[in-house]
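Residue numbers 2 to 287, in the working numbering, belong to the letters of the sequence shown in order.
Just so you know, even glycine gets a beta-carbon here, dropped at the ideal spot from N, CA and C.
The structure presented is a predicted model; accordingly, all values stated were derived computationally and were not measured.
Worksheet: the structure to be examined is printed underneath.
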Amino acid sequence: MKSIIYKMLCLLLLCSPAWGLIKVVAAETCYADVAQTLGGKFVEASPLMANINQDPHLFTASVAQAKALSQADIVVFNGAGYDTWVENLLPALKRKNQLIVEVAALLSPAVVTNPHIWYDPVTMPLYAKALTARFKQLDSAHATYFDQRLQQFLKAYQHLEGYLATLKQRDAGKTILVTEPLFEPMAKVIGLHVIGEGFARSMMNEASPSPQDIAEFEEAITQRRAQALIYNVQQTSPLLERMKDKARDHHIPVVGIRETQPLDKHYIDWMREQLRAVDGALNGSH
2 MKSIIYKMLC LLLLCSPAWG LIKVVAAETC YADVAQTLGG KFVEASPLMA NINQDPHLFT
62 ASVAQAKALS QADIVVFNGA GYDTWVENLL PALKRKNQLI VEVAALLSPA VVTNPHIWYD
122 PVTMPLYAKA LTARFKQLDS AHATYFDQRL QQFLKAYQHL EGYLATLKQR DAGKTILVTE
182 PLFEPMAKVI GLHVIGEGFA RSMMNEASPS PQDIAEFEEA ITQRRAQALI YNVQQTSPLL
242 ERMKDKARDH HIPVVGIRET QPLDKHYIDW MREQLRAVDG ALNGSH
């Protein structure tokens, strides 16, 4: 009897990380949400940057968040220079057998020219497949369950890809002004022409745009070269407010999108919602 119990305990140790759920800590909400969707009842996923009103570029981890990183079975971060604070913490916090997923490293270098890779449609399917492989590595007893969850996610994701194809048919060739390059990966897939990029890059890097970039941005507004102005809701400054007001004065629709996924939304629904807002602005229903 003791031998049977011992064997059962050994099996549990092999199949279940830390005697319980697989703990995933992700820097960004979108990656934590997809992790929870994929892992279901055998995973506990939580994000570190969950405040939708905070500028992610100014984020610093608290002591409690650093502790959460150290206790995770899997750590997920964006990479591409976006969340370097995670990379700086990991050498001191990483424990034995902890798995690390740098999402940018899953993509080809040609894709990672913009750090906001969760706005690129190629990212999440690759991330989902890589993460599922890690789940099965840590909990092989539930491999079939994880594979089923992955297929369900990929099937749901096809609807988002279909919606993007519809938007491409309707909106390709139209022009948008961007105050930050957050939406650029999606814009490229839809076939939108993006202007104001010099201004946008400076704003993303928390720098002041050059006088020339500001003048060109204002000229694009006053000459109505764009069908919509897209801005990051989580970034504010007097200059941005001035540009948004000027766009409204010249009857250019102004659309706010978020850098951080809200906790009460799932990734696919969140993306569709933001795409719908942009599409509405481009077609006069915003």
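Scanning the stretch 47-119 for uninterrupted beta strand (DSSP E) segments of 3 residues or longer gives 75-78, 100-103, listed from N- to C-terminal end. The secondary-structure analysis by DSSP pairs HIS194 across a beta bridge with THR176. For LYS24, the enclosing beta strand (DSSP E) starts and ends at 23-29. Here the alpha carbons of THR124 and LEU165 stand approximately 14 Å from one another.
Residue burial annotation: ASN98 is exposed, with fewer than 16 other C-beta atoms found within 10 angstroms of its C-beta. Looking at the backbone, the Cα of ASP148 and that of GLU103 are separated by about 21 Å. Minimum Cα-Cα distance from GLN159 among the listed residues ARG273, ASN115, LEU283 corresponds to ARG273. A distance below 9 Å separates the beta carbons of VAL255 and ALA282. Secondary structure at VAL256: strand, using DSSP grouped into helix, strand and coil. Across the structure, LEU127 and ASP250 are spaced so that their CA atoms are roughly 42 Å apart. Annotation: THR30 to PRO57 spans about 11 Å, alpha carbon to alpha carbon. Contact annotation: GLN55 and GLN235 have beta-carbon atoms nearer than 9 Å. Annotation for ALA188: ILE177, VAL195 place their beta carbon closer than 7 Å to its own, counting only its chain and skipping 5 residues before and after. Within the stretch 218-257, the complete beta strand (DSSP E) segments at least 3 residues long are 229-233, listed from N- to C-terminus. Membership of VAL279 in the alpha helix (DSSP H) is indicated by the continuous run 268-283. Annotation for ALA229: ILE177, PRO254, VAL256, ALA282, LEU283 place their beta carbon closer than 6 Å to its own, counting only its chain and skipping 5 residues before and after. With 16 or more other CB atoms across the displayed protein chains lying within 10 angstroms of its CB, GLU185 is buried. The beta-bridge partner set that DSSP reports for VAL44 consists of ILE23.
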